[in-house]
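Only one structure is covered here, and it is reproduced in the block below.
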C-alpha cells in the first residue's frame, strides 16, 4: 500500500532522513520506533506532505506523492494524527470531528461516521458540546484519532499517541488502535513506547539518526537484544 524509497529530507543544513526505506502492506500495523530526534515525526510529516522531500519516492497504492499537496493526500486516503494531538481548543468536540471530514460532501454519511466515532469513544459523546480545551490528555488523543477517521482513511498515520498519558490510558489507546486496524484501516505508528508499539504491530522498523537500523517482525524485535537494551530497559 505504502512504500518509501531512499527518502532524503533536510531541515536547513541538517540531514534529517538519510535514505529511508519502509514498506507498509494493506491491513498491517507497522511501527517506527526510535529515540527523540531520530527522524520518526519527520518521516510521517513527509508522507503527509508537510515536509519537502529532497530526493527519493513515496508511493501510495502505486502513485508517487512527491508533487501532491497535503490536502490532496488526505483525499487519496491518508490521514495523519499529529504529535501532541493538535485539537482545536476553542471549538467543541463535535466541531473538531466535523473538521475531520473537510474533504467530504456527503453530509448524511458524515453524520453517521460521527455517530460511529461516538460508539468507539463514548466519552466524546458525553463531551460533544464541550470545548476541546476542557478534555483530558487521553480524551484529546481520542478526539484527534476520531477527527482523522472522519476522512475515511485507508492508511492512518499515528504520531506518538501515548505521549504524556497515564499507563492505564495508554493501554486503552492501544486497544483502540488494534480495533481500528481490525475494522480495515492500515496503520503506520510512530511511538517512543517501544514495548506497547511492538506488542500491537505486525512489523517494525528501528530508526536511529535518520537511518533504519533494524527491521523485521515486531514479535522478533521485541526479543532482540539490541532493541531490548536501547528501548525496553534491557
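In full-length UniProt numbering, the protein residues as written are 1 to 234. Glycine residues also receive a C-beta, built at the ideal position from the N, C-alpha and C atoms.
Within the same chain, and ignoring the five residues on either side of residue 210 in sequence, the residues whose Cβ sits closer than 6 Å to its Cβ are 16, 17, 18, 39. The DSSP assignment places 155-159 as complete runs of the beta strand (DSSP E) inside the region 142-168, in order along the chain (cut-off: 3 residues). Cβ contact annotation for residue 66 (same chain, cutoff 8 Å, sequence separation greater than five): 53, 57, 58, in chain order.
For residue 57, the three-state secondary structure derived from DSSP is strand.
Exposed is the label assigned to residue 6, since fewer than 16 other Cβ atoms lie within 10 Å of its Cβ. By a beta-carbon distance limit of 8 Å, residue 149 does not contact residue 176. Their separation comes to about 10 Å. The secondary-structure analysis by DSSP pairs residue 31 across a beta bridge with 189, 204. Around the beta carbon of residue 174, a 10 Å sphere encloses 16 or more other beta carbons of the protein chains shown; the residue is thus reported as buried.
When rounded, the separation of the alpha-carbon atoms in residue 10 and residue 44 is 14 Å.
Boundaries of the alpha helix (DSSP H) harbouring residue 93: 93-99, taken from the DSSP string.
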